[in-house]
Structure formats: C-alpha cells, structure tokens
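Numbering (my numbering), first residue to last: 6 to 321.
Here a beta-carbon is modelled for each residue, glycine too, at the ideal position from N, C-alpha and C.
Each remark here refers to the structure printed beneath this line.
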C-alpha cells in the first residue's frame, strides 16, 4: 500500500514538473502572437522614443513613423529573421533618400521583441541593440569611406550664389542628386557588410546590409537582422541602467574635474597672492643679511669647538 502511495506521489510530482516546464517553454515560444504582444508593449513603453506604430500580420510587420509606413518581412521558421528593403532609384530626391536610408535600422524592433520574449526588459533590449548599432556605425563597419560632399543649393539665402565651376567631381549638389544617386550609394555602401555581437560573448544577433539587384540606375539596400535564440540573453538584463549609470558617472567625473580645476586655480591664486604679500613684507636679500647668516653660523661652530676642546682636556 505504501509503495502504491509513493508511486502515486511520484507521478503527481512528475506531472507538476512537466506542466511547469511546458508553461515556461510556452512563454519563450517565438511565434506571431508573442511577437505581436511584445511589440504592442514596446509601442506603449518608454523605449519607443521614435513613436513607432506597429501592426503585426502573417510574415510582415508594418511600422508607421512620421505618417509614413514601412514593411518589415519576418521569418520565424529557423532563427527569427527580420528584413527591410529600401528601393534606390535614379531620380529620387536627396530628402527622399535620407528619409528612406534613415529607416535602415528598423529591423531592430524584431530583435527587441525576441529578446523580450526571452525574458529581457524592453528598455534593456532597445538600449543594447541601439548602442551596438551606434558603435559599429561609428567605427565604419556599416559603410565605406564617404568621399562625397553634399551641398544644398536649393535653399540659398537671398543674394547667395554658388560657383559650380569651381566644384570637383566629389561634390554633389542637392538639385542634381537624382542624377547621381547610384554614384553616391556605390560610394558609401559596401556590397555586403555584416556585424554581430559575438566578440563581446553574447552572440545574440547577426545584422547584414547589402546591395541587391544593382543596375546603373537602381538597386535595393536590404537590411536583415537574424536573432540567435540560443544566446545568453541574461547578459543583456540591466543594460539600460548600466548605460544610465555610466552617463551619470561621466557627468559626475566632468563635474568633479571642473571643481578640481577651479580649486587648483583658487589655490594657485592664493599662493600667488601670499607670495606677493610675503615678498613685500620680508626684508630684501642683500649683503647685510648674508653677513648676518655667516656670523650666526660661525658662532654656532665656535660653541661646538669649545665644548669638544673641554671634553678633550677632561680625557687627558
């Protein structure tokens, strides 16, 4: 009878553990419903600094910002993958080009959603992927050395003119940008560029930007971010607070540096003032002072000599 009870308890115990395991696994399931849930939380959170409006449907995510919509394709069959295509076409204006290419970072919303499903706070995921992007964009990983200069000749002040005859071939005027857009794109974008966070031990994503369907008059800039769900996302937890504390420490350091400089300057001024005051009150160094020092020093030597002489007589 006791054996039966033990077996029954063991079965119940296994059932409870199995239920807990299934529930935990379900919370980490990367599917359309969980992606949508995380992104809607992101939309209403403080992490949504650009005021994105997001709608998730089968295989696509529509992101609306500044009253314009962009389509993000996603694939969850293997590693979650989020892709944005930016069409580049001869004749497009410089303003349109800037607006389109500034959205090349939109696949980060997919990363934020997946990281959130893996237990990372939205603020931490957002701060981490943005800082990673900024770091690589700063060191030139995303683009070639831009040798072109864009000059806006469409909004000149009254009376201001530009002598275009003195411009070199690397100067592109905004009014002529549409004719040279492919020349510009080929200069600033590599055929394919890749960054990951594998070097810092997390290895949570691979981000690729490449030119596709390139012709003399058009191409596509394709931005694809793949998320590694086997990464250790716990290393990202608390990232936003860490960044905030770093900024606070940097500001505090700058403040302390300024205070120390002010203190040093104040001390230097005091020393200078004291030196000037002392210099004005002390007697000037001259022959009389030197003689006085020599006399005193000689007297001390004479006293020592007399004492030694007496000690010598006493010994004898």
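Cut-off 8 Å between Cβ atoms - residues of its own chain near residue 113, not counting five sequence neighbours on either side
131, 134, 135, 138 and 230
Exercise. Helix, strand or coil: which one does DSSP assign to residue 75?
Worked result: strand
Under the three-state DSSP convention, the category residue 94 falls into: strand
6 Å Cβ shell around residue 222 - same chain, five flanking residues per side excluded | 95
### Message
For residue 187 and residue 93, I'd like the C-alpha separation in whole angstroms.
### Response
8 Å
Based on Cα-Cα distance, which residue from 107, 63 and 175 lies nearest to residue 155?
175
If you reduce the DSSP assignment to three classes, tell me which class residue 123 lands in. coil
query: How do the region 120 to 129 and the region 241 to 250 stand: do at least 3 beta-carbon pairs fall below 8 Å, yes or no?
result: yes
- Burial state of residue 110 (16 or more Cβ within 10 Å): buried
**Study point:** Local Cβ density within 10 Å of residue 206, reported as buried at 16 or more and exposed below that
**Key:** exposed
So, helix, strand or coil for residue 222, using DSSP? coil
Notebook entry, point to check: Are residue 122 and residue 35 touching if we call contact CB-CB under 8 Å?
Noted result: yes
Here's the rule: buried if 16 or more other CB atoms are within 10 angstroms of the residue's CB, otherwise exposed. What is residue 202? buried
Check your understanding: Going by alpha carbons, who is nearest to residue 208 out of 183, 193 and 237?
Key -> 237
**Q.** Expected contact under 8 Å - CB spacing of residue 91 and residue 106 to nearest Å
**A.** 6 Å
| field | Coarse secondary structure for residue 236, derived from DSSP in three states | value | coil
Q: Determine the closest residue to residue 215 out of 233, 204 and 194, with distance taken between C-alpha atoms.
A: 194
Between residue 99 and residue 179, which are expected to be in contact by the criterion C-beta below 8 Å, what is the C-beta distance as a whole number of angstroms? 5 Å
### Message
What does the Cβ neighbour count give for residue 115, buried or exposed, with the cut at 16 atoms within 10 Å?
### Response
buried
Practice problem: Count the other CB atoms, across all protein chains shown, that sit within 10 Å of the CB of residue 77; report buried if there are 16 or more and exposed otherwise. | Solution: buried
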